[in-house]
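Reading through the structure tokens given below for one structure.
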Amino acid sequence: MIEFEQSQAKARILMEALPYVRRFRGSIFVVKYGGSFMDSPDPEVRSGVAKDLVFLNFVGIKVVVVHGGGKAITRELQKRGIKAQFLDGLRVTDADTIDAVDTVLNEQVNREVSQFVSSHDCDVQRFPGKEVLTCEKLQGKHDLGYVGEVTKVQKEPILHALENGQMPILSSTASDEKGICYNVNADNVASKVAIALGARRLVYLSDVPGLLKDPDDPSSLLSSLAVNEVEPLKDEGVISAGMLPKVNSAVEALESGVNRVHFIDGRMPHSILLEIFTDQGIGTEIVHA
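Count along the sequence shown starting at 1, add 14, and that's the number in my numbering.
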């Protein structure tokens, strides 16, 4: 009897997911893969995220993954005896640092993410960001060195991979007009890629449950808000620090045609599926006003 009831519960979950599967089939979802779960010593945590991405692919959603790798970069710099420097939360990237960034993001992390996905019988296409993203040097009150801002996405190779049933895996690097590699904020890359591809959804996976009214109270999760509610929340200090680049990138994506943006905790088992395929969701979604 217990087994029958469990089977019935599974069936109800599948039936709840059905209208979402029907609605999203053939759509493009851009998923920004980041957060502490990327560095978890437990391979099951990372593999669990990969399984969710593969599930999306197998029900007909075209998934594009954008990843960073800040902690891996810092570890590589330590190995090389280079001290990591940050100004206003952004990594100062000199010539020695960009060499480490290039190696870590385009070779090590990109390969690792791709292997986790492909281990579940899903074809992938690796894209060092610098091969499909063009950038300009980021301008600001500080000279951050080889830190760029995406100005163009070469979408044809990415779309070609999707049409071939592959999952594109992009690193957060870009090249300037001279072909020089730059470090780029992964949240910004995800937004620019989603805009260029006309994505239906942009999903930010991180190590927080979403946007919290009170950062110390998980029960204060803002499950849904309109894009015109973002600025007041900034003024109140609800959206600040590390969430600012994500939210700013999310607003840009929404204002440029992306249907919805989600912020979810990648450490929680099946968080992507719960957010996308259930009525209640599990993280924060930002929608058009």
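From the three backbone atoms N, C-alpha and C, an ideal C-beta is built for every residue, glycine too. Nothing here was measured: the structure is a model prediction, and the numbers come from that model.
Between the CA atoms of residue j and residue i - distance to the nearest angstrom
| i | j | result |
| --- | --- | --- |
| leucine 91 | histidine 81 | 19 Å |
| leucine 236 | arginine 215 | 18 Å |
| glycine 224 | glycine 295 | 11 Å |
| glutamine 122 | aspartate 108 | 20 Å |
| methionine 257 | glutamate 17 | 43 Å |
| alanine 36 | arginine 281 | Checking the displayed sequence, the identity of residue 36 turns out to be arginine instead of alanine. The alpha-carbon atoms of arginine 36 and arginine 281 are separated by roughly 27 Å. |
| glutamine 180 | tyrosine 47 | 17 Å |
| valine 66 | leucine 28 | Note that residue 66 is aspartate in the sequence shown here, rather than valine. Each residue's Cα considered, the two are about 15 Å apart. |
| aspartate 116 | alanine 267 | 26 Å |
| valine 303 | histidine 134 | Note on residue identity: the sequence assigns alanine, not valine, to residue 303. Spanning the two alpha carbons is a distance of roughly 38 Å. |
| glutamate 243 | alanine 264 | 13 Å |
| cysteine 136 | lysine 155 | 44 Å |
| asparagine 273 | phenylalanine 43 | 10 Å |
| arginine 306 | serine 185 | The question about residue 306 has no answer, for the chain in this structure spans 15 to 303. |
| aspartate 221 | glutamate 170 | 32 Å |
| leucine 104 | alanine 86 | 15 Å |
| valine 203 | serine 128 | 18 Å |
| phenylalanine 130 | valine 68 | 10 Å |
| phenylalanine 38 | lysine 97 | 45 Å |
| leucine 247 | isoleucine 300 | 13 Å |
| glycine 212 | valine 252 | 29 Å |
| phenylalanine 141 | alanine 188 | 11 Å |
| leucine 176 | glutamine 20 | 36 Å |
| leucine 287 | glutamate 30 | 12 Å |
Outcome for residue i when other beta-carbon atoms lying within 10 angstroms are tallied against a minimum of 16
| i | result |
| --- | --- |
| lysine 355 | The chain is shown from 15 up to 303; residue 355 falls before or after that span and cannot be answered. |
| glycine 306 | Since the displayed the chain opens at 15 and closes at 303, residue 306 lies outside it and no answer follows. |
| glutamine 22 | exposed |
| asparagine 178 | exposed |
| threonine 298 | buried |
| alanine 25 | exposed |
| leucine 32 | exposed |
| histidine 174 | exposed |
| serine 254 | exposed |
| lysine 192 | exposed |
| lysine 144 | buried |
| glycine 74 | exposed |
| arginine 125 | exposed |
| glycine 84 | buried |
| glycine 162 | buried |
| threonine 111 | buried |
| threonine 165 | exposed |
| phenylalanine 291 | buried |
For residue i, the three-state DSSP class (helix, strand or coil)
| i | result |
| --- | --- |
| valine 198 | strand |
| glycine 83 | coil |
| threonine 88 | helix |
| arginine 105 | strand |
| glycine 140 | One detail in the question is off: residue 140 reads as arginine in this sequence, not glycine. Correct three-state label for arginine 140: strand. |
| valine 73 | coil |
| lysine 155 | coil |
| glycine 34 | The question names glycine, yet the displayed sequence has tyrosine at residue 34. Looking at tyrosine 34 - three-state DSSP - the assignment turns out to be helix. |
| isoleucine 96 | coil |
| glutamate 177 | helix |
| lysine 192 | coil |
| glycine 162 | strand |
| isoleucine 112 | helix |
| serine 185 | strand |
| threonine 4 | Here the chain covers residues 15 to 303 and nothing more, so residue 4 does not appear. |
Same chain only: Cβ atoms within 6 Å of residue i, ignoring 5 sequence neighbours per side
| i | result |
| --- | --- |
| isoleucine 172 | Pro182 |
| leucine 70 | Val77 |
| proline 4 | Not covered by the structure: residue 4. The range shown for the chain is 15 to 303. |
| serine 234 | Leu226, Lys227 and Asp228 |
| serine 132 | Val138 |
| glutamate 289 | His276, Ile278, Gly295, Ile296 and Gly297 |
| serine 238 | Glu299 |
Sequence-distant residues of its chain with Cβ nearer than 8 Å to residue i (five each side left out)
| i | result |
| --- | --- |
| glutamate 269 | Val241 |
| serine 285 | Asp66, Leu219, Ile278, Asp279, Ile296 and Gly297 |
| glycine 159 | Val106, Thr107, Asp108, Ala109, Thr111 and Ile112 |
Close beta carbons around residue i, own chain, < 7 Å, minus the five adjacent residues each side
| i | result |
| --- | --- |
| valine 167 | Val146, Leu147, Lys206, Val207 and Ala210 |
| phenylalanine 100 | Val106 |
| valine 261 | Val244 and Ile253 |
Q.
Which runs of the alpha helix (DSSP H) at least 4 residues long sit entirely within the region 206 to 283? Give them in chain order.
A. Within the region 206 to 283, the complete alpha helix (DSSP H) runs of at least 4 residues are 244 to 250 and 257 to 269.
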